[in-house]
Structures are given as C-alpha cells and as structure tokens.
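Chemist:
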Amino acid sequence: MTRLGRPGLSASQRAELWERWKQGESLTEIGDAIGKHAGSVFGVLRTGGGIYSPPRSRAITQLSLSEREEISRGVSAGCSMRAIARHINRAPSTVSREIERNGGIRRYRASEAEEATWNRGSRPKRCKLAHNIKLQRIVARKLSFEWSPEQISGWLKLRYPMKAGMHVSHETIYRSLFVQTRGVLKKELMKHLRSRRVMRHGKRYSTKGKPRGRIIDAISIRERPPEVEDRAVPGHWEGDLISGSGNTHIATLVERQSRFTLLVKVEGKDTNSVVSALIRQIKKLPDELLKTITWDRGSEMAQHKKISVATDVVVYFCDPQSPWQRGTNENTNRLLRQYLPKQTDLSVHTQSDLNAIARRLNQRPRKRLAYQTPADKLQESVAATS
C-alpha cells in the first residue's frame, strides 16, 4: 500500500483515479468510484497539476541488480568478460561497458553501479523553458499580457522562424504552469489564463450534462409552509457550511424558533460526505423537531433527496445568491467565528469538540429571545407542543 497526499491510495486506486480523470470524469464521480472524498481526489490530482506522471521503471534491456551482482562475483573470481557474459546470457560487450562505466575491474561494485545507472537516467528531465532563460522570460511576459499558451507558441514560430531553440509547444507551457515542481513559470501566472484553471483537464473532460451550479429537483423556499416563516412551531432548521483553511468545513444547523444550534463534523465538502453526516445528526433529534431544513444552493446538497428519504425532513432551497433568506443561520455563523476563526484548520475539531462549542452558544442568553437561552427556549417550545 502506497500513500499519496492525504488519502491512502493503493497502486490500483491511484491507477484508476488517473484513468478516470483522463476519461473526463468529475471529482465526485472519481471519488465515488474509488471510495474517496472528492476533496481528497482533488488533492492528489493537484500535486501533479492534473497531469499524470507514470512511475519510473527499468527498461527491459537494462541490466538488473541481480545481473550486476553476478558480474561483481565474476570480477572478484577473476573470470573473463566472455565467461561472465555467458553466465548471465548477455553480450560480452554489454559486460565490458558495464564494468568500464562503473569504476573498472578493481573498483566495480554491484550496488554502486545500480545507483549510478538509476541516477544517470533520472526523470523528469528539465524542460526546454528551464534550459533557455530568454525563452522562459518571453513566455512569462506574454502570459502576463493574457496571451494563451497556444498564441504564444504560434507567435514564437513567426517571430523566430529560423531558430528552433526559440520554439516551444503550448503543451510544454501548460505543463510548466500546472506542474509547479518544475520551478520554471511562477504560479501567479495561472491567473492570466482565460480558464482560470489550477490544473490540466483531460481532452474528454466536459461539464455538459452535469448539474453544475444547480440542484436537481430542488424545492424553492417560496414553497415553504407559512408556519416556517412566522416561527410558530419548532422543528424548522436552516443549514450551511462554514469554511476553514486547507479546504476544511463544518456543517451548521440552526432551529428557527429557538436559535438552537447543532454543529456537524464533515470529512469533506462533497455531497456524499455532507449529506451522510447530516443524516446521522438529524436522526438523533426527536420526531417533533424533524420538519424542514432550508439550505443555499451549494453543490454539497446535490443528494438532498437522501435526507428526505432517511428522515422525512423536507429540504427547501434559497434563491441563488440570497443568503439573507437564511438570516438566522447567517447570524449564528458569525457568532460561531468566536470559537471557529476564519483561516484556521477546522478538521482538528472532533465531534465532541463541536458539541461543546454548540453547548456554549446554546446556553448564552439572547436579546432576541428576551434573554432566554436557545436551550431553554427549545425545551419550552417542545413541551408546549407535546
């Protein structure tokens, strides 16, 4: 088992991840297929700029370590080149070059020869832009002028028709941008690309037919029952995600009548992680508090139907770019920043930690509740409806 980034990926999972990415599948589709979160899949792809780099392997014509050990033993025993070659079924010239290249008869050692051969063939080789500083500067300047890599490549052929050393393919420019380990073009230049992408997509990648930016079968907030709007009875919730550094998130649920708050630990922002975590939390509530949830139109709720099926809670969605329609939740999220500051890693908090933070907030008196606490208000409301 090999580990790459945050998710633990086996060799087969890693191969499947890159193959599906090459076929144009989305992060969520890949995550579902290999049993990982979309955020984790993104982290793996991002390290290579979305460009697959196959692991180094030995050519079948190269001498193996075991063959080099046989050569070393033959040299120590004083055998001739032809005798050693016959023993390992190689040409005498292959054995002769191997010994001469790695210290000669007196200094040849199998392990040292193996390491030296591997280092001589190290990959990846430095790209053209790394060798040609003038070309590198021209490309960087044109990128800063919002020229596309393809435009730069074509212009260079016109500008320097007789200088092949000043020609570079658009793919090389893209790779130099997206694979930052090359250290050739600065990461800041990516913002000048029209696509604003942070990594390379496969040729078959397309968002056509995918529910990008919309929720399938979403029920509008305008269809909520009047009792939700006037806060007449408990059991109606507003929900959202609050974000931290490193692509970490926590789900928040606030009961509209009492302002009672629940915090839910989520492993990622992908819909499967968020919906599964919400279902686990909602199922712990008494039946009289299971009526509706109002959420914004974030893609984390793409699987909202699972919540309704598992808990009988109806999920309503705000209008696009209308956070004020979940005003109670927005205000509560601001209060929570006292305990969960922006730009901090939210993944360090356990569910027990989050429960403790919610308890503190729920036991603070609110002016809006005539200085009752949300916990007391909720208990009072539930008792009145029982």
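The sequence shown begins at 672 in my numbering and counts up by one. C-beta atoms are modelled at their ideal positions from N, C-alpha and C, and glycine is treated no differently.
Are at least three pairs of beta-carbons, each pair with one atom in the segment 997-1014 and one in the segment 969-977, less than 8 Å apart?
Modeler: No, they do not touch.
Chemist: For S914, collect the residues of the same chain with a Cβ closer than 6 Å to its Cβ; drop the 5 residues on either side in sequence, then sort them by chain order.
Modeler: The answer, listed in chain order, is H920.
Chemist: Which residue comes first and which comes last in the beta strand (DSSP E) that contains G910?
Modeler: Per DSSP, G910 belongs to the beta strand (DSSP E) from 907-914.
Chemist: On the three-state DSSP scale, how would you describe V984?
Modeler: Correct three-state label for V984: coil.
Chemist: Indicate the three-state DSSP secondary structure (helix, strand or coil) for A922 in the structure shown.
Modeler: If DSSP states are grouped into helix, strand and coil, A922 belongs with the strands.
Chemist: Give me the Cα-Cα distance between Q952 and T923, rounded to the nearest whole angstrom.
Modeler: Taking the straight line joining both Cα atoms gives about 11 Å.
Chemist: Could you check whether S743 and A784 sit closer than 9 Å to each other, using their CB atoms as the reference points?
Modeler: Cβ distance < 9 Å, so A784 and S743 count as in contact.
Chemist: If we call anything under 9 Å between Cβ atoms a contact, is V986 one with T1021?
Modeler: Their beta carbons are not under 9 Å apart, which means V986 does not touch T1021 by this criterion.
Chemist: In terms of alpha-carbon separation, which member of S944, S970, R691 lies closest to D888?
Modeler: Nearest option by C-alpha distance: S970.
Chemist: Assuming L827 contacts A781 under a Cβ cut-off of 8 Å, what Cβ separation, rounded to an integer in Å, is found between them?
Modeler: Rounded, the Cβ-Cβ distance is 47 Å, inconsistent with contact.
Chemist: Starting from R1037, follow its DSSP beta bridges and name the residues at the other end.
Modeler: Looking at the DSSP assignment, R1037 forms a beta bridge with Q1043.
Chemist: Which partner residues does I886 have in the DSSP bridge list?
Modeler: In the DSSP output, where bridge partners are listed per residue, I886 has none listed.
Chemist: Which residues mark the beginning and the end of the alpha helix (DSSP H) in which I950 is found?
Modeler: Unbroken alpha helix (DSSP H) run through I950: 942-953.
Chemist: If you follow the beta strand (DSSP E) that I722 is in, where does it begin and where does it stop?
Modeler: Segment: none, I722 is in no beta strand (DSSP E) and carries neither H nor E.
Chemist: Determine the extent of the beta strand (DSSP E) in which W818 is found, giving its start and end residues.
Modeler: Note, W818: premise wrong, no beta strand (DSSP E); not H, not E.
Chemist: Could you name the residues of the same chain whose beta carbon sits closer than 6 Å to that of R883, not counting the 5 residues immediately before and after it, in chain order?
Modeler: In this prediction, R883 has a pLDDT of 49, which is less than 50 and means its spatial position is unreliable; nothing more can be read from the coordinates.
Chemist: Ignore the nearest five residues each way along the sequence and tell me which others in V712's own chain have a CB closer than 8 Å to its CB.
Modeler: Taken in chain order, the residues that qualify are P678, L688, L698, I701, G702, I705.
Chemist: In or out: Y779 buried (at least 16 other Cβ within 10 Å) or exposed?
Modeler: That one is buried.
Chemist: Can E741 and I722 be called in contact, C-beta distance under 9 Å?
Modeler: No.
Chemist: By the 10 Å Cβ neighbour count, where 16 or more other Cβ atoms means buried, how is A762 classified, buried or exposed?
Modeler: Exposed.
Chemist: If I'm right that M870 touches L716 with Cβ under 8 Å, what's the distance once you round it to whole angstroms?
Modeler: The Cβ separation is near 6 Å, so the contact holds.
Chemist: For V925 and N1000, which I take to be in contact (beta-carbon distance under 8 Å), what is that distance rounded to the nearest angstrom?
Modeler: Indeed they touch by this definition, with Cβ atoms about 5 Å apart.
Chemist: Consult DSSP for L680 and reduce its assignment to one of helix, strand or coil.
Modeler: Note: L680 maps to strand in three-state DSSP.
Chemist: Excluding the 5 residues flanking R777 on each side, which residues of the same chain have their C-beta closer than 8 Å to its C-beta?
Modeler: Here the set comprises nothing.
Chemist: Figure out for me which residue from A835, L1007, S840, S929 has the closest Cα to the Cα of R1039.
Modeler: Nearest option by C-alpha distance: S929.
Chemist: Would you mind working out which of R772, T718, A1046 sits nearest Q1034, comparing C-alpha positions?
Modeler: Residue A1046 is the option with its Cα nearest to Q1034.
Chemist: Could you give the first and the last residue of the continuous alpha helix (DSSP H) run that contains T843?
Modeler: Start and end: 841-849.
Chemist: In the DSSP assignment, find the alpha helix (DSSP H) that holds I964 and state where it starts and stops.
Modeler: No alpha helix (DSSP H) contains I964, which is instead part of the beta strand (DSSP E) from 963-966.
Chemist: For F988, is the classification buried or exposed, using 16 other Cβ atoms within 10 angstroms of its Cβ as the cut-off for buried?
Modeler: The residue in question, F988, is buried, as its Cβ has 16 or more Cβ neighbours within 10 Å.
Chemist: Give the range of the alpha helix (DSSP H) segment to which V766 is assigned.
Modeler: Residues 763-772.
Chemist: Going by C-alpha distance, which of A973, R968, L934 is nearest N943?
Modeler: Of the listed residues, the one whose Cα sits closest to N943 is A973.
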